[in-house]
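Residues in the sequence shown are numbered consecutively from 1, following UniProt numbering.
Glycine included, each C-beta is placed from N, C-alpha and C at the ideal position.
Structure first, commentary second.
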Amino acid sequence: MNTKTLGYSTMIVSATLMGFVGLFARNINTSGDVIAFTRMTVGAICILAILLYQRKVPLLSSTKLTPSVIASGACLGLCLAAYVSATQYTTLANAVFLIYSGPVFSTILAAIFLKERISRLTAMLLSAVFLGCLFVIGIISYDSQSGLVITLSFSRETFIGDMLGLASGVGYGLYLFLSRYRSDVSSDVRSFFNFLFGAVAIGIYFIISPPSLAEMDTSSWIWLLAMGFFIGFGALSLLTIAAKHLKAAELACVSYLETVVGAGIGILLFSESLTLLQAIGGILVIGGGMGEVVIGMRKKHQLPKQAQFEH
Numbered sequence: 001m002n003t004k005t006l007g008y009s010t011m012i013v014s015a016t017l018m019g020f021v022g023l024f025a026r027n028i029n030t031s032g033d034v035i036a037f038t039r040m041t042v043g044a045i046c047i048l049a050i051l052l053y054q055r056k057v058p059l060l061s062s063t064k065l066t067p068s069v070i071a072s073g074a075c076l077g078l079c080l081a082a083y084v085s086a087t088q089y090t091t092l093a094n095a096v097f098l099i100y101s102g103p104v105f106s107t108i109l110a111a112i113f114l115k116e117r118i119s120r121l122t123a124m125l126l127s128a129v130f131l132g133c134l135f136v137i138g139i140i141s142y143d144s145q146s147g148l149v150i151t152l153s154f155s156r157e158t159f160i161g162d163m164l165g166l167a168s169g170v171g172y173g174l175y176l177f178l179s180r181y182r183s184d185v186s187s188d189v190r191s192f193f194n195f196l197f198g199a200v201a202i203g204i205y206f207i208i209s210p211p212s213l214a215e216m217d218t219s220s221w222i223w224l225l226a227m228g229f230f231i232g233f234g235a236l237s238l239l240t241i242a243a244k245h246l247k248a249a250e251l252a253c254v255s256y257l258e259t260v261v262g263a264g265i266g267i268l269l270f271s272e273s274l275t276l277l278q279a280i281g282g283i284l285v286i287g288g289g290m291g292e293v294v295i296g297m298r299k300k301h302q303l304p305k306q307a308q309f310e311h
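Below you can see the structure in the form of structure tokens.
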């Protein structure tokens, strides 16, 4: 399997698993920062177990820890904690919009600092995917009397929540951007450090805002640990692999598939309604994301043929 195929396939599975966050969270009676900490901790334990089984633990001590490795994990943990806190102090629409600005932010950073070129077609597809995301999550909706309605509203009362939401988006974008550094580090080792420093960052956050487990019952613990395995270890490990093999813009185009999966679960399992505009948004997200996959794979296959022809 070539690197692009591996990158796209792992990103699709990761985004799909991420879309199940809402399903798990609705069955867990605790705050989101505890959920985020569990995802990081379970992920670190699972990766460590794999390294022990493969006898690769010495790689952890031999890997040079640089600021980008430490910061990428910390940004991942803090962006998840900040997002949950944002939903408590501002509207859900604002919080969701701000965290999903992360992939676009990472694309801009990669273009500036890593000199990753963004083709005109990829830019168009990313714009279509982002617009579709706004339709799916309800930021842009349609009302028969008012027409198109944008539900975002920033005010002094929601300032703290909006800043936390902005921090979650910046943190998510920085995580995706920093993951493009240090390609010499293997994906399993990088995943371990992401989980480790993400858990440490949230642990520091707990000192400022202590969590509560008073309402946790047996069912909640089962759901929490399952979420830590599937959407912590599974989804975030695959995201680390994808980030190593895809450019930031390619990663961003596919990442928004998460919103479509989340909306689909809400419709199928919780009888949530689907508007025409949301359906159009889903088509834009899937079409744009899959379009980028097809284009990326075609370019990858054309390069060896061109090189052979020139030779």
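Opposing strand residues paired with residue i [DSSP bridges]
i: Val149; result: Ser141
Residue nearest to residue i in terms of C-alpha spacing, selected from the options
i: Val129; options: Ile35, Leu268, Ala249, Leu166; result: Ala249
i: Met163; options: Gly232, Ala214, Ile207, Val84; result: Val84
i: Glu258; options: Asn2, Val21, Gly7; result: Val21
i: Gly232; options: Thr3, Asn2, Tyr8, Phe24; result: Phe24
i: Val69; options: Arg55, Arg182, Leu251; result: Arg182
i: Ala71; options: Gly262, Ile283, Ala201, Arg298; result: Ala201
i: Val285; options: Ile12, Phe206, Gly7; result: Ile12
i: Ile108; options: Ser168, Gly296, Gly173, Ile267; result: Gly173
i: Arg180; options: Ile283, His245, Asn2, Ile137; result: His245
i: Gly43; options: Leu224, Thr275, Lys247; result: Leu224
i: Leu92; options: Gly7, Leu152, Leu6; result: Leu152
i: Gly165; options: Leu148, Tyr175, Asp217, Asn94; result: Asn94
i: Gly287; options: Leu126, Phe206, Cys75; result: Leu126
i: Gly73; options: Ser237, Gly266, Glu272; result: Ser237
i: Ser144; options: Leu276, Lys299, Phe195; result: Leu276
i: Tyr205; options: Pro58, Phe113, Cys75; result: Cys75
i: Thr158; options: Ser271, Lys115, Gln88; result: Gln88
i: Gly102; options: Glu272, Thr218, Ser168; result: Ser168
i: Ser62; options: Gly266, Ile222, Phe193; result: Phe193
Extent of the continuous alpha helix (DSSP H) run through residue i
i: Val34; result: 32–53
i: Asp162; result: 159–178
i: Pro103; result: 102–113
i: Val200; result: 187–208
i: Glu116; result: That residue, Glu116, is in no alpha helix (DSSP H); it is neither H nor E in DSSP.
i: Pro58; result: 58–62
i: Asn94; result: 92–99
i: Ala226; result: 218–227
i: Thr87; result: 67–89
i: Glu258; result: 257–270
i: Ala214; result: It is not in any alpha helix (DSSP H) - Ala214 carries neither H nor E in the DSSP assignment.
i: Ile241; result: 235–245
i: Ile12; result: 3–18
i: Leu134; result: 120–136
i: Pro274; result: It should be noted that the sequence gives Leu, not Pro, for residue 274. Unbroken run through Leu274: none, as it is neither H nor E.
i: Gly22; result: 21–25
Buried or exposed by the 16-neighbour rule on C-beta atoms within 10 Å, applied to residue i
i: Gly281; result: buried
i: Val104; result: buried
i: Glu292; result: buried
i: Phe154; result: exposed
i: Phe177; result: buried
i: Ala86; result: buried
i: Lys64; result: exposed
i: Asp33; result: buried
i: Thr90; result: buried
i: Ala81; result: buried
i: Thr122; result: buried
i: Gln278; result: buried
i: Ala214; result: exposed
i: Met18; result: buried
i: Asn2; result: exposed
i: Thr240; result: buried
i: Tyr256; result: buried
i: Leu274; result: exposed
i: residue 312; result: It is not possible to answer for residue 312, since the shown part of the chain is limited to 1 through 311.
i: Ile137; result: buried
i: Ser106; result: buried
i: Leu52; result: exposed
i: Phe135; result: buried
i: His311; result: Annotation note: pLDDT 46 at His311 (below 50); position unreliable, coordinate value reported separately. Counting Cβ neighbours within 10 Å, His311 comes out exposed, since fewer than 16 surround it.
i: Lys247; result: buried
i: Gly147; result: exposed
Cβ separation of residue i and residue j, assumed to be a contact under 8 Å, to the nearest whole Å
i: Met40; j: Ala242; result: Going by Cβ atoms, the distance from Met40 to Ala242 rounds to 18 Å, so no, they are not a contact pair.
i: Ile50; j: Asp188; result: 6 Å
i: Ser220; j: Asn27; result: 7 Å
i: Thr38; j: Met227; result: 7 Å
i: Cys79; j: Ile99; result: 7 Å
i: Thr30; j: Ser209; result: Not quite, the Cβ-Cβ distance comes to about 13 Å (not below 8 Å), so this is no contact.
i: Gly289; j: Val254; result: 5 Å
i: Ile139; j: Phe197; result: Wrong, their Cβ atoms sit about 32 Å apart, outside the cutoff.
i: Met297; j: Thr5; result: 7 Å
i: Ser14; j: Ala252; result: Between Ala252 and Ser14 the Cβ distance is about 13 Å, and since that is not below 8 Å, they are no contact.
Check: residue i C-beta below 7 Å from any heavy atom of the ligand FAD
i: Val129; result: No copy of the ligand FAD appears in this structure; indeed no ligand is present at all.
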